[in-house]
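My numbering numbers the first residue of the sequence shown as 613 and each following residue consecutively. Cβ atoms here follow ideal geometry from the backbone N, Cα and C, with glycine treated the same way. Since this is a predicted model, take the numbers as computed values, not measurements.
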Amino acid sequence: MLDLGFFISFTGNLTFKKSDLPEVARFIPIERLLLETDSPFLSPQPKRGRRNEPAHLVFIAEKLAEIKGLELLQLAQATTRNAIRLFGLSNEIVA
Numbered sequence: 613m614l615d616l617g618f619f620i621s622f623t624g625n626l627t628f629k630k631s632d633l634p635e636v637a638r639f640i641p642i643e644r645l646l647l648e649t650d651s652p653f654l655s656p657q658p659k660r661g662r663r664n665e666p667a668h669l670v671f672i673a674e675k676l677a678e679i680k681g682l683e684l685l686q687l688a689q690a691t692t693r694n695a696i697r698l699f700g701l702s703n704e705i706v707a
């Protein structure tokens, strides 16, 4: 998939205690990572069991930053750049 130029995104299930996704996430290059909420489903820990919403994205980002050994800001900047590239957005949206 990566050889074909695909991005890989992670949702709230990355934060679940019994998830195998952290092992997968370790091998995905940062320039191919994205975050998504999958709202209203798959709320991350500690919001699991409640309706998911975009504000919960930070919990997924924190977990992915931990897995990748990055600061949260580094991960947020990288995934924002990746989303801009994927969707052909203007860099002007990044402050």
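What did DSSP end up calling residue 616 once you bin it into helix, strand or coil? Counting from one through the sequence shown, the residue named residue 616 turns up at place 4. It is helical.
Which partner residues of residue 622 appear in the DSSP bridge assignment? For the purposes of this step, residue 622 is identified with residue 10 of the sequence shown, where counting begins at 1. In DSSP, residue 622 forms a bridge with 647.
As assigned by DSSP and simplified to three states, the class of residue 699: Your numbering for residue 699 matches position 87 in the sequence shown. If DSSP states are grouped into helix, strand and coil, residue 699 belongs with the helices.
Outcome for residue 681 when other beta-carbon atoms lying within 10 angstroms are tallied against a minimum of 16: As a first step, residue 681 is located in the sequence shown; it is residue number 69 there, counting from the start. Classification for residue 681: exposed.
Is DSSP giving residue 664 helix, strand or coil here? As a working note, residue 664 is residue 52 in the sequence shown. In the structure shown, residue 664 sits in coil (DSSP, three-state: anything other than H, G, I, E or B).
Do residue 620 and residue 644 have their beta-carbon atoms positioned less than 7 Å apart in this structure? Numbered from its first residue, the sequence shown carries residue 644 at position 32. Numbered from its first residue, the sequence shown carries residue 620 at position 8. In this structure, residue 620 lies closer than 7 Å to residue 644 by Cβ.
Taking the alpha helix (DSSP H) that residue 672 belongs to, which residues open and close that run? Counting from one through the sequence shown, the residue named residue 672 turns up at place 60. Residues 669-680.
May I ask you to verify whether the region 624-639 touches the region 661-676, counting CB pairs closer than 8 Å and requiring at least 3? yes
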